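*Asks:* Heads up: the sequence shown is residues 51 to 309, going by this note's numbering. Where a beta carbon is used, it is the ideal one built from N, C-alpha and C, also for glycine. Predicted, not measured: the structure shown is a model, and the values here were computed from it. A single structure is presented below for examination.
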Amino acid sequence: MLKPNFSSFMTRCSMLSWNTVEKKKFASDNLRSLSLRIKSVKSIQKITKAMKMVAASKFKGDQRRLEKCSNFSTPLVDVFNRLNKLDIHKKNEELAIIAISSDKGLCGSVNSSVSRLCKKLLENEQVNNELVDNITPNKIYLYGIGEKIRSALSRLHKDKFQVIYNEYNKIPINFLTCSYIAERIMNNNHSNIIIIYNHFKSAISFDTQILSSARMTAMDNASSSATDMLNALSLRYNRARQSKITLELIEIISGANAL
């Protein structure tokens, strides 16, 4: 008659118990981390939805002001377009760049598109613009409007800044401010002046969008991405929870069979 080998039985039981404990611990940690991520995404989604609503209300006001100003700005733009057709650019002269950005971020590629174009001009790269590429300046001056253009270019091109006007969200630009900036530019008698800004086309289209429109679109995209991420995390959380419950059931059944 075979004698039961209690030592090997206890070894197998301890190994089973150890593996079960490790799996339960891993499942518990996984559930905890997924739960924290879900809470984090939900809180971010609340912020992005609120920012989208604020940007949408600001966008309507900006659009009304833009329509009122179009009667004055359209003829001025026509004059500049006619001047651009004249061969007034000379080589080895000064170039002034007026770069207009925002003070705050979370507005898509509005600021990066302006800073990217500025960097190309400052480093004498081609920008696929016939009028601009014909200019070969011996010195470049930079006039920055907005905190984002300052932070993007100040590290490498700090010495080229002549004027930096930021925090215009707190102190809106008025005629007096514009006159001060214009006077600084005119007093330097630059041969060529380039203005880099975002030309508004529609709520989702711009030539290198109005800030409120861009922020509204960016926050809408962020909210949609947060919803997709929540769905994926919830699926992973439910699967991990199901796996933990299955593991506990297996442990209970194994214990009952051992008895």
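Would you please state the rounded distance, in angstroms, between the beta carbons of Ile190 and Lys170? I believe it to be under 8 angstroms.
*Replies:* Counting from 1 along the sequence shown, the entry for residue 190 is found at position 140. Counting from 1 along the sequence shown, the entry for residue 170 is found at position 120. Not confirmed; about 12 angstroms, so no contact.
*Asks:* For Ser255, count neighbouring Cβ atoms within 10 angstroms of its own Cβ and tell me buried if that reaches 16, exposed if not.
*Replies:* By one-based count along the sequence shown, residue 255 stands at place 205. Residue placement at Ser255 is poorly supported in this model, since its pLDDT is 41, which falls under 50; the coordinates still yield a value, given next. Burial call: exposed.
*Asks:* Mapping the DSSP letters down to three states, classify Tyr247 as helix, strand or coil.
*Replies:* Here residue 247 corresponds to residue number 197 of the sequence shown, with the count starting at 1. Residue state, collapsed to three classes: coil.
*Asks:* For Ala149, which residues from the same chain have a beta carbon less than 6 angstroms from its beta carbon, with the 5 sequence-adjacent residues on both sides left out?
*Replies:* For the purposes of this step, residue 149 is identified with residue 99 of the sequence shown, where counting begins at 1. Same-chain partners within the cutoff: Val164, Cys168, Gly194, Ile199 and Ile246.
*Asks:* Are there 16 or more other CB atoms within 10 angstroms of the CB of Phe225, so buried, or fewer, so exposed?
*Replies:* Along the sequence shown, one-based indexing puts residue 225 at 175. Exposed.
*Asks:* For the putative contact between Leu283 and Leu84, defined by C-beta atoms under 8 angstroms, what is the C-beta separation to the nearest angstrom?
*Replies:* Here the question's residue 283 lines up with position 233 in the sequence shown. Here the question's residue 84 lines up with position 34 in the sequence shown. That pair is a contact at about 6 angstroms.
*Asks:* Quick one: any contact between the segment 105-116 and the segment 266-275, if contact means 3 or more CB pairs under 8 angstroms?
*Replies:* Yes, since at least three Cβ pairs between the segment 105-116 and the segment 266-275 fall closer than 8 angstroms, the two stretches touch.
*Asks:* Short of 7 angstroms in beta carbon distance, which residues of its chain neighbour Val91, apart from the five on each side in sequence? Order them along the chain.
*Replies:* As a working note, residue 91 is residue 41 in the sequence shown. Answer for Val91: Ala276, Met279, Leu280 and Leu283, listed in chain order.
*Asks:* What are the partner residues of Val213, as DSSP defines its beta bridges?
*Replies:* Along the sequence shown, one-based indexing puts residue 213 at 163. Per DSSP, Tyr193.
*Asks:* Would you check if the distance between the CB atom of Leu145 and the CB atom of Ala290 is smaller than 7 angstroms?
*Replies:* Residue 145 sits at position 95 when you count from the first residue of the sequence shown. Residue 290 sits at position 240 when you count from the first residue of the sequence shown. Contact flag unset, no.
*Asks:* Where do the ends of the beta strand (DSSP E) carrying Leu145 lie?
*Replies:* For the purposes of this step, residue 145 is taken as the residue at position 95 of the sequence shown. Looking at the DSSP string, the run of the beta strand (DSSP E) that includes Leu145 is Glu144 to Ile150.
*Asks:* For Tyr230, count the other beta carbons within 10 Å of its own beta carbon; 16 or more makes it buried, fewer makes it exposed. Which is it?
*Replies:* The count along the sequence shown starts at 1 and reaches residue 230 at position 180. Exposed, because fewer than 16 other Cβ atoms sit within 10 Å of the Cβ of Tyr230.
*Asks:* Between which two residues does the alpha helix (DSSP H) carrying Ser163 extend?
*Replies:* Counting from one through the sequence shown, the residue named residue 163 turns up at place 113. Segment Val160 to Leu172, the alpha helix (DSSP H) holding Ser163.
*Asks:* How long is the line joining the alpha carbons of Lys154 and Arg87, rounded to whole angstroms?
*Replies:* As a first step, residue 154 must be located in the sequence shown, where it is residue number 104. As a first step, residue 87 must be located in the sequence shown, where it is residue number 37. Cα to Cα, the separation comes out at about 26 angstroms.
*Asks:* On the three-state DSSP scale, how would you describe Asn121?
*Replies:* Locating residue 121 in the sequence shown gives position 71, counting from the first residue. Three-state DSSP puts Asn121 in a helix.
*Asks:* Select from Thr98, Arg166, Asp128 and Leu285 the residue whose C-alpha is nearest the C-alpha of Ala202.
*Replies:* Reading the sequence shown from its first residue, position 152 is the one you call residue 202. Selected option, being the one with the closest Cα: Arg166.
*Asks:* Would you identify the three-state DSSP class for Asn242, choosing helix, strand or coil?
*Replies:* In the sequence shown, counting from the first residue as 1, residue 242 sits at position 192. Asn242 falls in the strand class under three-state DSSP.
*Asks:* Could you tell me whether the Cβ atoms of Glu233 and Asn216 are closer together than 7 angstroms?
*Replies:* To locate residue 233, count along the sequence shown from 1; it is residue 183. To locate residue 216, count along the sequence shown from 1; it is residue 166. For Glu233 and Asn216, no; Cβs fall outside 7 angstroms.
*Asks:* Answer with buried or exposed for Phe59, where buried requires no fewer than 16 other C-beta atoms within 10 angstroms of its C-beta.
*Replies:* Along the sequence shown, one-based indexing puts residue 59 at 9. In this prediction, Phe59 scores a pLDDT of 42, lower than 50, which makes its location untrustworthy; the coordinate-derived value is nonetheless stated afterwards. Exposed, because fewer than 16 other Cβ atoms sit within 10 Å of the Cβ of Phe59.
*Asks:* In the structure shown, what three-state DSSP assignment does Glu175 receive?
*Replies:* Counting from one through the sequence shown, the residue named residue 175 turns up at place 125. If DSSP states are grouped into helix, strand and coil, Glu175 belongs with coil.
*Asks:* State the DSSP-derived secondary structure class of Leu203, mapped to helix, strand or coil.
*Replies:* Mapped onto the sequence shown, residue 203 falls at position 153. In the structure shown, Leu203 sits in a helix (DSSP, three-state: H, G or I).
*Asks:* DSSP state of Asn224, grouped into three classes?
*Replies:* Here residue 224 refers to the residue found at position 174 of the sequence shown. Residue state, collapsed to three classes: coil.
*Asks:* Just to confirm, are Ser28 and Glu175 a CB contact at a threshold of 7 angstroms?
*Replies:* In the structure as shown, the chain begins at 51 and stops at 309. Residue 28 is therefore absent and cannot be evaluated.
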